[in-house]
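Sequential numbering of the sequence shown, starting at 7, is according to the working numbering. The C-beta atom is built at its ideal place from N, Cα and C for all residues, glycine as well. Scroll down for the structure; my scribbles are underneath it.
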Amino acid sequence: MAIVANDNYREQPDNTKLDHIPGDYGLPVLGYTIPLVKDLHATIDRQYRRFGAVSRFRLIGPKGLMLIGPDLYKQVMLDTDKNFSAEMGYMGSLGRFYKGALLLRDHDEHRFQRRIMQSAFKNDAMKGYIATMGPMIAEGISNWDTISDLRFFPAIKQLLLDVAAEIFVGLDADDERAQKLNTAFLDIANGLMGIVRLELPGTLHRKGKIGERYLKSLFGGLINERRLASKTDTFSYFCREKTEEGEYFSDQDIIAHISFLLFAAHDTTTSALTHLLYYLGQDMKVQQRLRDEANAVDKPFLDYEDLEKMPLMEVAIKEALRLHPSVMMMQRRTIKDCEIGGYKVPANTNVWMAPQHVHRMSEYWDEPLKFDIDRWLEPRNEHKRHNFSWVGFGGGAHKCIGMHFALMQVKNFLHQFLRQYEFRLADNFSSKMQTVPLPKLVDDLPIVVKRIAVK
């Protein structure tokens, strides 16, 4: 197969000449968006059983290919031949508000930009974050047993927004700018779901764009100040980081990276914890196993060195992410002609990957629909059957740079929450899940918490 060079791939239109590949595009314009939102796993599984691992597919707008299975995900994510562009894959979705973010950078440019985050996620920085995080979580959950109708999703969402404002941006939760930042951030998240993509009055897109401009103004106005200071929030680390040539990264780069980090780190952890508590609230034995692990670290707040003492918490959140990945659809676009799953795929073709389906494939997971933390432990180690059968944090060069921060945050929350409270799902809980704008329970997960008596 001839390889076609495509150095100017960013300027090229999407390829739609895919008739040689099985599949169909569903409804005009909408494609499979509606059934996918209703039941993502069933929609992708039906596509897989009808057409195989590579098939023509469509979401709102662009046509392309659905890729299914760990072998194809390994090919795309490792991308040893530089065939795939994350930037162009996400340009029509995340790129509308987060153009220039690390996820939307390709190959050498991605590697160069990743340097901006190296100090912010080293051990010394993480130790500072964990010291800030502990007391904030303690204060945030201190009265949960007094709330008559406690909905976990909005409660943890607000708590993690406050933590993000402090740790990522260095703004106290009481700071007026932190409140405006949180509002702008939420407006952008809603704007991503807007069907109308013009700045017309009353549209989600317009509101999101106003939020995007606020973030640019806020961060842009703080960069010089943070370069001269010695603050230890993530944004300040970004501002002070330098290239190999000793130059600061541009204001534009810094703003793009911190804006997307707030989005990616907060929403994904909120979703993951909500799904984890959904299962722990129904399984008191597993809940108690995690509580025993938390109680074994007998101190009010975790230190960085304590994180490795909580392997059950780590596999529990990974199991929740297996069943309900926070990123429901991953995207790329081919840069040049290539072969995928035995098919010749032209340059500039959109491709989608659905982590939830590969996470539930019976070829790699025993009783794949069951929540079972022991599948990750000796002697089973089901996650080792294929190194891309679980992609909860992505893979390859674009593997989530904040993965260890996310796990640290989860362990900090569970350590405090489980030591203070026993909980169960409220009698009126619903098991119905939603896919957009964020994977979660449709009823926001009502829980009943009971404070554990101090012995």
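Check your understanding: Who pairs with Glu345 in a beta bridge, going by DSSP?
Key -> Lys350
Practice item. Go ahead and label Gly226 buried or exposed: buried means 16 or more other beta carbons lie within 10 angstroms of its beta carbon, across all protein chains shown. Key: exposed
**Study point:** Exposure label - Thr152; buried when at least 16 CB within 10 Å
**Key:** exposed
Check your understanding: Does DSSP put Ser91 in a helix, in a strand, or in coil?
Key -> strand
Check your understanding: What are the partner residues of Gly408, as DSSP defines its beta bridges?
Key -> In DSSP, Gly408 forms no bridge with anything.
Check your understanding: Cα-Cα, which of Gly214, Asn301, Met123 is closest to Met409?
Key -> Met123
Review point. How many angstroms separate the CA atom of Leu166 from the CA atom of His365?
Key: 26 Å
Point to revise | Thr138 to Leu308 span [Cα, whole Å] | key: 11 Å
Check your understanding: So, Trp150 versus Val416, is the Cβ gap smaller than 7 Å?
Key -> no
Check your understanding: What did DSSP end up calling Pro452 once you bin it into helix, strand or coil?
Key -> strand
Check your understanding: Based on the DSSP secondary-structure assignment, which residues constitute the bridge partners of Leu36?
Key -> In the DSSP output, where bridge partners are listed per residue, Leu36 has none listed.
Check your understanding: Going by other Cβ atoms of all chains shown within 10 Å of its Cβ, with 16 needed for buried, is His389 buried or exposed?
Key -> buried
Review point. If we ignore side chains and look at the alpha-carbon of each, how far apart do Thr209 and Arg203 end up?
Key: 8 Å
Check your understanding: Which two residues bound the contiguous beta strand (DSSP E) that contains Arg430?
Key -> 427-431
**Study point:** Helix, strand or coil at Lys305 according to DSSP, with G and I counted as helix
**Key:** coil
**Study point:** Unbroken stretches of the beta strand (DSSP E), 3 residues or longer, contained in the segment 24-79
**Key:** 60-64, 69-73
Point to revise | Contacts around Gln337, its chain only, beta-carbon distance under 8 Å, and the 5 residues preceding and following it disregarded | key: Ala92, Gly95, Tyr96, Ser99, Asn356, Val357, Trp358, Met359
Check your understanding: When the Cα atoms are used, what is the spatial distance from Ala403 to Gln81?
Key -> 12 Å
**Study point:** Trp396 to Met334 span [Cα, whole Å]
**Key:** 13 Å
Point to revise | Nearest candidate by alpha-carbon position, reference Leu383, set Lys133, Asp433, Glu320 | key: Glu320
Review point. Based on Cα-Cα distance, which residue from Lys350, Tyr104, Cys406, Gly37 lies nearest to Ile27?
Key: Lys350
**Study point:** Residue nearest to Pro452 in terms of C-alpha spacing, selected from Pro141, Glu251, Lys222, Tyr284
**Key:** Tyr284
Review point. Over what stretch of residues does the alpha helix (DSSP H) that includes Gln362 continue unbroken?
Key: 361-365
Exercise for review: Pick out whichever of Met199, Ile341, Ile379 has its Cα sitting closest to the Cα of Pro19.
Suggested key: Ile341
Exercise for review: Please confirm if the segment 424-441 is in contact with the segment 273-291, defined as three or more CB-CB distances below 8 Å between the two stretches.
Suggested key: yes
Point to revise | Boundaries of the beta strand (DSSP E) in which Asn337 is found, first to last residue | key: Looking at the sequence provided, one finds Gln at residue 337 rather than Asn. Here the beta strand (DSSP E) through Gln337 covers 336-340.
Check your understanding: Excluding five sequence neighbours on each side, which residues of the same chain lie with their C-beta closer than 6 Å to the C-beta of Gly217?
Key -> Ala190, Asp193, Ile194
Point to revise | Contact check, Ala270 vs Leu327, beta carbons under 7 Å | key: no
**Study point:** Spatial neighbours of Phe159 in its chain, beta-carbon cut-off 8 Å, leaving aside the 5 residues before and after
**Key:** Thr276, Thr280, Lys446, Leu447, Asp450, Leu451
Review point. Can you tell me where the alpha helix (DSSP H) with Lys186 in it begins and where it stops?
Key: 182-197
Review point. Could you give the distance in angstroms between the alpha-carbon of Lys438 and the alpha-carbon of Leu375?
Key: 15 Å
Review point. What beta strand (DSSP E) runs, 3 residues minimum, are completely inside the segment 213-271?
Key: none
Check your understanding: Can you give the beta carbon distance from Phe255 to Thr249, rounded, assuming they're within the 8 Å contact cut?
Key -> 7 Å
Review point. Rounded to the nearest angstrom, how far is the Cβ of Gln119 from that of Leu109, given a contact under 8 Å?
Key: Not quite, the Cβ-Cβ distance comes to about 10 Å (not below 8 Å), so this is no contact.
Practice item. Out of Pro361, Phe244, Asn418, state which residue places its alpha-carbon closest to the alpha-carbon of Ala48. Key: Pro361
**Study point:** Bounding residues of the alpha helix (DSSP H) (the contiguous stretch that carries Ala459)
**Key:** Segment: none, Ala459 is in no alpha helix (DSSP H) and carries neither H nor E.
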